Structure formats: C-alpha cells, structure tokens
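Chemist:
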Amino acid sequence: MAARNPSLATTHARILLVDDNANGLAARRSVLEELGHRITTATSGGDALELFSTHKFDLVVTDYKMPKMDGLDLIIRLRKQLPDLPIILISGYVDALGMNEASTGADAVIQKSSHEVSHLVRSVNRLLRRKPAARKPAAAQSKPAKRKAV
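For what it's worth, my numbering labels the leading residue of the sequence shown as 89, then goes sequentially.
1) Is DSSP giving Thr131 helix, strand or coil here?
2) Hey, could you find the ends of the alpha helix (DSSP H) Ala114 is sitting in?
3) Give me whichever residues DSSP pairs with Asp151 in a beta bridge.
4) Hey, could you find the ends of the alpha helix (DSSP H) Arg210 is sitting in?
5) In whole angstroms, what is the alpha-carbon distance linking His143 and Ala184?
6) Looking at Leu147 and Pro174, is the spacing between their C-beta atoms short of 7 Å?
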C-alpha cells in the first residue's frame with residue numbers, strides 16, 4: 089500500500105485532529121497514523137484549546153462546523169498563541185461559502201469529498217516541510233506605510 093511507503097512521511101509529527109464527528113476523526117487518524125504521525129484527537133474547539141495549552145503540536149487539522157466553537161474561531165484562538173502553527177481546515181462547505189486560506193486564516197482549506205484523503209496527505213506533507221518563518225502573522229503582513237515628515 090502506497091501510504092506505508094516511509095518516503096511519504098515527512099516527519100513523525102505531532103498532529104491535533106479536531107472534529108465533533110467520530111467517523112471523520114477515526115478516518116483521518118487512521119490515514120495520518122499510517123504515515124507515521126502521532127495523533128491526538130479532540131471532539132470540540134474547547135477540548136482542542138485545553139489540549140493545546142498542555143501539549144506541543146506540529147500541526148492542527150480542524151473541521152469547520154462544530155457546536156459552540158467552529159473551526160474558524162478555533163483558528164483565530166490558535167493563531168493568537170502560535171501564529172506560525174500550520175493549520176488545515178476541512179469542511180463540506182468550502183465551495184458553498186467560498187472559503188480559502190485568506191478568508192479562514194488556515195494554511196490549507198480542504199473540501200470534504202472523495203479526494204479529501206489525498207488532499208489531506210499532500211497538505212500535511214507540504215506544511216510540515218515548510219520552514220516556520222514562512223508564515224507571518226496577519227499584523228506583520230499589513231504594516232502601514234511610513235509617512236514623510238513635512
């Protein structure tokens with residue numbers, strides 16, 4: 089099976105998976121563990137933040153639609169703590185809501201579909217290979233221009 093090929097695993101990363109759907113968590117966990125990653129799961133944004141405060145993660149994969157705190161709120165809170173943390177957002181609403189990296193704050197946005205697994209594997213590998221400084225906090229990207237003194 090191709091996923092067992094060790095060359096596909098960029099690192100043995102610590103990944104936090106967040107989804108209120110047990111089937112979605114189990115499927116993604118299985119795929120990423122097969123690639124050699126260490127997976128921790130959370131079933132809500134609140135649980136994810138709790139885990140995040142006591143554990144170190146190399147990457148977060150979160151669903152969009154969850155009760156109490158959706159994936160976008162979770163991304164905002166995680167970015168405040170670690171702006172360079174790679175985050176992947178997965179949703180069945182990507183196309184319908186016009187979601188993309190710029191509008192969500194995620195480093196990758198994946199539409200739930202029959203191709204979700206291949207997109208997830210590619211995105212995880214790409215983001216784990218990227219240098220941490222490759223992502224700048226939003227505030228650093230939009231510094232106001234300096235005015236000349238008159």
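Cβ atoms here follow ideal geometry from the backbone N, Cα and C, with glycine treated the same way. Note that the structure is a prediction, hence the values are computed from the model and not measured.
Modeler: Considering the structure as presented:
1) Counting from one through the sequence shown, the residue named residue 131 turns up at place 43. Thr131: coil per DSSP, three-state reduction.
2) On the sequence shown, residue 114 is found 26 positions in, with the first residue counted as 1. Taken as a continuous stretch (DSSP letters only), the alpha helix (DSSP H) holding Ala114 covers 110-122.
3) In the sequence shown, the residue the question calls residue 151 occupies position 63. DSSP output for Asp151 lists Ile178 as bridge partner(s).
4) Within the sequence shown, numbered from 1, the residue matching residue 210 stands at position 122. Per DSSP, Arg210 belongs to the alpha helix (DSSP H) from 204-217.
5) The sequence position of residue 143 within the sequence shown is 55, counting from 1. The sequence position of residue 184 within the sequence shown is 96, counting from 1. Their Cα atoms are separated by approximately 34 Å.
6) Within the sequence shown, numbered from 1, the residue matching residue 174 stands at position 86. Within the sequence shown, numbered from 1, the residue matching residue 147 stands at position 59. Cβ atoms of Pro174 and Leu147: closer than 7 Å.
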